[in-house]
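Take a look at the structure below.
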Amino acid sequence: MPLFRQAEARPEKERQARRSRTHEYSEEEEDDPPSLTTLCLLSLAENIKDVWTQDYSQNYMDQYFFRYVMGPFSLLPNELLEELLCVLSHRNLLSRPALHLLLLPQLHRLSLQHSCNLVTANLCSLIAARCQALKSLNLSGALNVSATALSSLLGSLPLLQSLTLAGTLSDSGVIATVAQRCPLLKHLDVSRCVHLRPSALLPLAQCSSSCSLARLLALDIGLEENEDDGTASAAFLLLGLPGLQQVALDNVGQACVLLWKQDFGMTDRFTKKKGVSSLQEMWTRRVESEKGTAKMMDLEDKMDKLLHVDESKADVDTRTDVENQEKTLKLSLLDVQSISLNSLSALGQHCPDLCSLTLNCHDEEEDEGAAFWWTTPLTRGLSTWSGQLRRLSLQFPGPLSELIPSLQAAGSSLTSLTLQGVKADGHLFFLELIHACPKLTTLSIHIDPPRSNQEEEDEDEDLEDWDLPCLPHLSSLTLNVKEKQQLLGCAFLVQKNGAKSLKVPMQTAVRLLNVCHRLSDLDLSGCWSMTLSNITKLQSKASRRRHRLQITWT
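Counting with this note's numbering, you get residues 527 to 1080 for the letters of the sequence shown.
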């Protein structure tokens, strides 16, 4: 009798529920008892070495090459197979023999990110032979595989929709293979691939089969000989990939400025050297395509207008729309990373529908007081997406007080906010931040100490008399502060909102434990002065709490 019966058709909601459980095995269950399926998978994982793979690893693995292995997991449905792989990966139980038995034709999703040392050329050949139905593949950090082996593997996976090769030895040959052999690809991550230049990504925008690409992440890849070539490459990708919604490129901000100014003559030498269409040709082609699509979509609206306005006025409106469209091309980007302040205005012109932004206001050439002069352009730029921006990650080297106007301009709709490098400027401005962003569910602040500790202490004395604000939807709060900074006044935020995740320095831990009664997760990973005795005392104190508290210390 087989260990598992053949999988039957399941509703889509049940499939999504199974996939949502794949990240839960790294932690202990909090309140609910584990399901029977979970218990079975955990039992398989714990006995994978001593029971399931022992005979194969001792007698067959290095003596023979099997195209397929009809083993104990052959009849396992793909959803349970993926969950089992996830359990093994999170518990560091995934081994080469286990992979040999679990690489089966029904597998649709494979992530070896946490076991990248197991990825070799031989394993890639097994994946190519057995798992040709793969739709998602993650090989992040696999440095034991050459670019040639990666190209051979990807050429055998035509159904791929998501591919993550971050931190691998990928080169231009790998990208060319992806562009030609993976027509369904929607997500591509090649970040930190040092052998990959920005110009090597151009085939993605040349091949018609790559038009479905919606997410492209390529930060910290190899450098071009000329910085302008990187900007031209980014502009070429923006014009050649009309379905792109999320992009992370080092030169994407400068590319938006280039498209805004339409100064394409300076890039002709680059495009001619690479043997691709000029940016002017790409621009014209994209504009014509957008106009054709707009005409098809707005045909009914224009017919309605003709019934209510005279024909001459309709012609004037049509000509005006065409002229505006030719002047500013609207990109479909919703999420953009690695933007500098000087390109924020151009980004707003081309991406009016943006809902997620990673912005860097840090400039090494400016002095510390320069943050004051950045406030106005930052506020003006963020106001472009007022009421629609959901996620904002901002590197700002100035005081928090100078950042408040910008957050007031775009914070009403924010659900996630990350601030890095900002300097503490008293609790009054921290309260204004909370007032400006009432819908936050995730708040992460990497903050420097206040300029005057005396001001901080004076404000702490009056906190109890204030009508403190509340973030009712907050579920995750991370505060990374300097070791000498207490920041105790921020404890009210956790006390009133019950944040699920908080990272604090050592001095604040005991105070938080006393006042934050609903705190469920305390991360002390960065507190190097913590001792085992300190942690034992905290755990003993936490055991007497009404709400369960998980303390993490590494």
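Think of the CB as a built atom: it goes at the ideal place given N, C-alpha and C, for glycine as much as any other residue.
Practice prompt. For the region 792-804 and the region 874-883, state whether three or more C-beta atom pairs, one from each stretch, are separated by less than 8 Å.
Written response: no
Discussion item. Please list the terminal residues of the continuous beta strand (DSSP E) segment that includes Ser1077.
Written reply: For this step, residue 1077 is matched to residue 551 along the sequence shown. Note that residue 1077 is Ile in the sequence shown, not Ser. It spans 1076-1078 - the beta strand (DSSP E) in which Ile1077 sits, taken as one unbroken run.
Item to complete: Would you kindly report the start and end of the unbroken alpha helix (DSSP H) that includes Ile760?
Response: Position 234 of the sequence shown holds residue 760. One detail in the question is off: residue 760 reads as Ala in this sequence, not Ile. Residue range 753-766 is occupied by the alpha helix (DSSP H) that includes Ala760.
Fill in: Residue range of the unbroken alpha helix (DSSP H) whose run includes Lys800
Along the sequence shown, read from residue 1 onward, the residue named residue 800 stands at position 274. 794-800 is the extent of the alpha helix (DSSP H) around Lys800.
Worksheet item: In angstroms, rounded to a whole number, what distance separates the CA positions of Gln732 and Ser621?
Response: Position 206 of the sequence shown holds residue 732. Position 95 of the sequence shown holds residue 621. Using only the alpha carbons, I get a separation of about 40 Å.
Worksheet item: Can you name the residues that DSSP bridges to His972?
Response: On the sequence shown, residue 972 is found 446 positions in, with the first residue counted as 1. DSSP, once it has assigned bridges, lists Gln946, Asn1006 as partnering His972.
Worksheet item: Do Leu742 and Trp809 come within 8 Å of each other at the CB atom, strictly closer than that value?
Response: Position 283 of the sequence shown, counting from 1, holds the residue named residue 809. Position 216 of the sequence shown, counting from 1, holds the residue named residue 742. No, the Cβ-Cβ distance between Trp809 and Leu742 is not below 8 Å.
Worksheet item: DSSP puts Pro925 in a beta bridge; with which residues?
Response: Stepping through the sequence shown from its first residue, residue 925 is reached at position 399. According to DSSP, Pro925 bridges with Lys949.
Discussion item. My output table needs one value for Gln914: the three-state DSSP class, helix, strand or coil.
Written reply: Taking the sequence shown and counting its residues from 1, the one referred to as residue 914 is at position 388. DSSP places Gln914 in coil when its eight states are reduced to three.
Practice prompt. Pick out whichever of Gly913, Ala705, Gly947 has its Cα sitting closest to the Cα of Leu929.
Written response: Within the sequence shown, residue 929 is the residue found at index 403, counting from 1. It is Gly947.
Discussion item. Is it buried or exposed, Arg656, if we count other Cβ atoms within 10 angstroms and call 16 or more buried?
Written reply: Here the question's residue 656 lines up with position 130 in the sequence shown. That one is buried.
Practice prompt. In the DSSP assignment, find the unbroken alpha helix (DSSP H) run with His616 in it and report its ends.
Written response: For the purposes of this step, residue 616 is taken as the residue at position 90 of the sequence shown. Counting along the chain, the alpha helix (DSSP H) containing His616 begins and ends at 604-616.
Discussion item. Measuring straight from C-alpha to C-alpha, what distance separates Thr846 and Lys817?
Written reply: Taking the first residue of the sequence shown as 1, we reach residue 846 at position 320. Taking the first residue of the sequence shown as 1, we reach residue 817 at position 291. With a pLDDT of 45 at Thr846, under the threshold of 50, the predicted position of this residue should be treated as unreliable, though the coordinate-derived value follows. Going by the C-alpha atoms only, they are around 13 Å apart.
Practice prompt. Determine the contact status of Ser1077 and Leu1050, defining contact as a CB-CB distance below 8 Å.
Written response: In the sequence shown, the residue the question calls residue 1077 occupies position 551. In the sequence shown, the residue the question calls residue 1050 occupies position 524. The amino acid occupying residue 1077 in the given sequence is Ile; Ser does not appear at that position. Contact flag set, yes.
Practice prompt. Report all residues from its chain with a CB closer than 6 Å to the CB of Arg1074; omit the five preceding and five following residues, and keep chain order.
Written response: The residue labelled residue 1074 in the question sits at position 548 within the sequence shown. Counting only residues of its own chain and dropping the five nearest sequence neighbours on each side, Arg1074 has no CB closer than 6 Å to any other CB.
Practice prompt. Report yes if the CB atom of Cys650 is closer than 8 Å to the CB atom of Ala675, and no otherwise.
Written response: Counted from its first residue, the sequence shown places residue 650 at position 124. Counted from its first residue, the sequence shown places residue 675 at position 149. For Cys650 and Ala675, yes; Cβs fall inside 8 Å.
Worksheet item: Per DSSP, which one or two residues make a beta bridge with Val862?
Response: Here residue 862 refers to the residue found at position 336 of the sequence shown. Beta-bridge pairing links Val862 to Val773, Leu883.
Worksheet item: Which residue's Cα is closest to the Cα of Leu680: Ala659, Ala654, Ser725?
Response: The sequence position of residue 680 within the sequence shown is 154, counting from 1. Among Ala659, Ala654, Ser725, the Cα nearest to that of Leu680 is on Ala654.
Discussion item. Going by C-alpha to C-alpha distance, which of Val671, Leu567, Leu633 sits closest to Pro603?
Written reply: Counting from 1 along the sequence shown, the entry for residue 603 is found at position 77. Checking every option, the nearest Cα to that of Pro603 belongs to Leu633.
Practice prompt. For the beta strand (DSSP E) holding Ala744, just list the boundary residues, first then last.
Written response: Position 218 of the sequence shown, counted from the first residue, corresponds to residue 744. From DSSP, the beta strand (DSSP E) with Ala744 extends over 741-744.
Practice prompt. Apply the 10 Å Cβ neighbour rule to Gln771 and answer buried if 16 or more other Cβ atoms are within range, or exposed otherwise.
Written response: As a first step, residue 771 must be located in the sequence shown, where it is residue number 245. That one is buried.
Fill in: Every unbroken alpha helix (DSSP H) inside the region 676-752 [4 residues or more]
698-707, 729-732
Worksheet item: Do you know whose CA, among Ser561, His626, Val813, Leu619, lies nearest Tyr582's CA?
Response: Taking the first residue of the sequence shown as 1, we reach residue 582 at position 56. Checking every option, the nearest Cα to that of Tyr582 belongs to His626.
Fill in: Alpha-carbon to alpha-carbon, Gly952 and Leu663
Taking the sequence shown and counting its residues from 1, the one referred to as residue 663 is at position 137. Taking the sequence shown and counting its residues from 1, the one referred to as residue 952 is at position 426. Roughly 47 Å between the two C-alpha positions.
Practice prompt. Give the range of the beta strand (DSSP E) segment to which Asn664 is assigned.
Written response: Mapped onto the sequence shown, residue 664 falls at position 138. 662-664 is the span of the beta strand (DSSP E), which, as asked, contains Asn664.
Worksheet item: When the Cα atoms are used, what is the spatial distance from Pro684 to Leu638?
Response: The residue given as residue 684 occupies position 158 in the sequence shown. The residue given as residue 638 occupies position 112 in the sequence shown. Spanning the two alpha carbons is a distance of roughly 19 Å.
Worksheet item: Are the CB atoms of Leu940 and Cys963 nearer to each other than 8 Å?
Response: Here residue 940 corresponds to residue number 414 of the sequence shown, with the count starting at 1. Here residue 963 corresponds to residue number 437 of the sequence shown, with the count starting at 1. Contact: yes.
Discussion item. Quick check on Asp581: does DSSP put it in helix, strand or coil?
Written reply: The residue labelled residue 581 in the question sits at position 55 within the sequence shown. Of the three classes helix, strand and coil, the one that applies to Asp581 here is helix, per DSSP.
Worksheet entry | Element boundaries [alpha helix (DSSP H), containing Ser1066] | By one-based count along the sequence shown, residue 1066 stands at place 540. Looking at the DSSP string, the run of the alpha helix (DSSP H) that includes Ser1066 is 1058-1068.
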